[in-house]
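All letters in the sequence shown, in the order written, are residues -12 to 114 by our numbering.
We put the beta carbon where it would ideally sit given N, CA and C, even for glycine.
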Amino acid sequence: MWLWSVRQVKSRSAATAACRAGHVRINGETAKPSQHVKVGDEIRYRVQGFDRLLRVQRILVKRVGAPIARTAYVDFSPPRPTPLDAPAAIIRDRGAGRPTKKERRQLDALRATTGPAVDIKHILDQD
């Protein structure tokens, strides 16, 4: 319920569902919906595929306004990657079927960040 009171989730039922799904951890252990938090606890919860890491500064019993809610925690979350940092999706033609072993090796070579340099023009020009 603390996540709801500091406006990290929109409703109490959404906070409960996140706890039951295992998306909320308090000090590294899976949290139950009615679990109490203490000042200094670290809360990690998953939202939209990314982890938020919060440290409890104040205990709030009921939902408060956003300016007061921001004083109840310290956010240690790493910044989300920008779309430019994310790897590009590899798109295959619809109906092309499964990739052959050779195509799969070429795709793996494109995805690899380490190892020998890949000649992309050579791979793309083959057909």
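For the candidate residues R98, C6, D28, whose alpha-carbon lies nearest to that of A18?
Check the Cα spacing between A18 and each of R98, C6, D28: the tightest is with C6.
Do three or more CB pairs link the stretch 62 to 78 to the stretch 86 to 93 at distances below 8 Å?
no
What residue does the beta strand (DSSP E) around L40 start on, and which one ends it?
L40 -> beta strand (DSSP E) spans 37 to 43.
Alpha carbon to alpha carbon, how far is D28 from A4?
Whole-angstrom Cα-Cα distance: 21 Å.
Going by beta-carbon coordinates alone, are I30 and I46 separated by less than 7 Å?
no
C-beta atoms of Y60 and Q35 nearer than 7 Å
no
Could you pull out every residue in the same chain whose Cβ sits closer than 6 Å to the Cβ of L(-10), ignoring the five residues on either side in sequence?
V(-4), A2
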